[in-house]
Structure formats: C-alpha cells, structure tokens
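Using my numbering, read the sequence shown as starting at 100 and increasing by one per residue.
Data first, discussion second: the structure below is written as structure tokens.
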Amino acid sequence: MSYFDSVRIVLVNSTHPGNIGGAARAIKNMGLSRLYLVAPRDFPADRAVWRAANAVDVLDNAIVVDNLDEAIAGCGLVVGTSARGRRIPWPLLNPRECGERVWLEAAHHDVAIVFGREDRGLTNEELQKCNYHVHIPSNPEYSSLNLAAAVQVLCYEVRMASLSAAQSESPPLPDWDLPPARAEDLELYFQHLEQALVDLGFHDRENPRQTMTRLRRLYGRIRMDEMELSILRGVLTSIQNAVHRMQRVLQKKTD
C-alpha cells in the first residue's frame, strides 16, 4: 500500500459544495485520495461534481461522518489547520514541516490533516484533538485563503516530502516497541482523566479554567504509545478506587 493511502484529508462542516469539489481536485492532483467530510452542509451536490473536474472518484469515495472523532478514529497523528494564534499556544508546524511529518508517519499509521469551516475554521475544542497545528503564512494584508487552496498547499507539501524521500535517505522514525496511541483512545483517556480529577476534588467542571486544555497540550507533546496510555488508564482507575474507598470509610464514620 502506498504511503499516500494512509493520509486523510478531513473537511469539517464545509458550507459550499464547490469547495468540496475543489478540495477533491487538489487532493487528486497531489496523488492523495482519501477525503473525509464531517457534517457537510450540502453534499452530495452537482456543484461539487462540477468543481472536482476529473477527480469525481475522490468525491464518490468520500466518507461522510457526523463528527470529528469519527473522522480521525484510528489515526496516530492528527494535524489541525489554524489561521490565528491561540491563547494557549499548541505545537506548531509550518506547511513544509507538516508535509515532512505527515509523510514520515504515514509509513507507520494513518494520518489526518484537518481543515475547518470556511468562515471560522476549527473550534478550540476541535483543535485540542490535534497533535500539532499548522499555519499557512499567507499575506498578512490579505490573509483569507480559500478552503480548496489551503488543501492544495498542504497536499503539495506532502507530495514534495514524498519526492524528497524518494531521492535521498530520509531519516526513519525512531524505533519504538509499540505504535502511538490512536486518536479515539486518547479521547477516552482525557474523559477518564477529567472524571478522576473531579473525583479527587481537583477539577471543577463548572469552573474549568484551562486545566484540561493544558493537560491535553502536555500529553500531546509526549505522544504516548498504546502501552503507556493503558498504564495511565490503570493508574486513574486505581486512584478513583482509592477515593471511593476513602469516601465509604468517611461515610461510615459519620453514620
């Protein structure tokens, strides 16, 4: 299987079907083929087919899902596009670095590049599901970039990385005994972690501040593997069991 087959292009809540068609054309131009659409407003649509030109096969094989979690399920690397700085900065790649990272990891597991809505991009919650953010440094005096054009830029960088790797000895990923944790397992871990912190009295869902956001960023920098994640889930369960035992003891003393 080609490394290209491991790369997913994910469009979230696309408004205009023409942009979906344009993105399909950009994807096929650069040798990719996998398009995921998260709750598109208008698809399938004739305008998407018209804009896709000879890339209708990409549209025909597009996978439509209800939410981002479904689109990135099974991925070991998720990169989200971001057009602006965030209050809490995330590990950031430029397009060239993004292409190189995607190509390097596509040899080992599925990878997703996620694009947001035409008018407001990805939400903070969606961006927090990504290992890295990528920013396309467009002209600051006219920074608005069409969705299909943004897809073209990043798919081009993936293709350039593939050509560079074919012409030279590209450094492989460091040998590791287990693959990185998948996106859906990480999401379950963060839900478990938040509940454990609530049980401990450390975290208040009604006044969350930035606790979970910063913890997501911390774990994102580490890139846990499957076994590490399993161990941490076990630690959280043991903590919760200890808290519940203590609560029962205290309850007996007050009865």
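Note that CB positions come from ideal geometry on N, CA and C, so glycine has one too.
Hey, residue i and residue j: beta-carbon distance below 8 Å or not?
| i | j | result |
| --- | --- | --- |
| PHE103 | GLY130 | yes |
| LEU134 | SER181 | no |
| VAL106 | VAL257 | yes |
| ILE113 | PRO143 | Before going further, note that residue 113 is Ser rather than Ile in the sequence given. No, they are not a contact pair. |
| ALA161 | LEU192 | no |
| ARG316 | TRP202 | no |
| VAL148 | VAL157 | no |
If you draw a straight line from the C-alpha of residue i to the C-alpha of residue j, how long is it?
| i | j | result |
| --- | --- | --- |
| ARG355 | ILE187 | Here the chain comprises residues numbered 100 to 354, so residue 355 is not present and cannot be evaluated. |
| LEU246 | GLU217 | 6 Å |
| SER329 | ALA264 | 34 Å |
| GLU409 | PRO236 | With the chain running from 100 to 354 in the structure shown, residue 409 is simply not present. |
| CYS197 | LYS228 | 16 Å |
| THR353 | ASP165 | 48 Å |
Report buried or exposed for residue i, applying the criterion of at least 16 other Cβ atoms within 10 angstroms of its Cβ.
| i | result |
| --- | --- |
| ASP209 | buried |
| LYS127 | buried |
| ILE321 | exposed |
| GLY173 | exposed |
| ASN44 | It is not possible to answer for residue 44, since the shown part of the chain is limited to 100 through 354. |
| PRO116 | buried |
What are the boundary residues of the alpha helix (DSSP H) that residue i is part of?
| i | result |
| --- | --- |
| ILE338 | 325-353 |
| TYR288 | 282-299 |
| TYR255 | 246-266 |
So the beta strand (DSSP E) residue i belongs to, where does it begin and stop?
| i | result |
| --- | --- |
| ARG107 | 106-111 |
Next item on the list: Please go through the segment 170-225 and give each complete beta strand (DSSP E) segment of 3 or more residues, from N-terminal end onward.
Entry: 174-180, 209-214
Next item on the list: Just list the beta strand (DSSP E) runs in the segment 133-177, keeping only unbroken ones of 3 residues or longer that don't cross its boundaries, in chain order.
Entry: 133-137, 162-164
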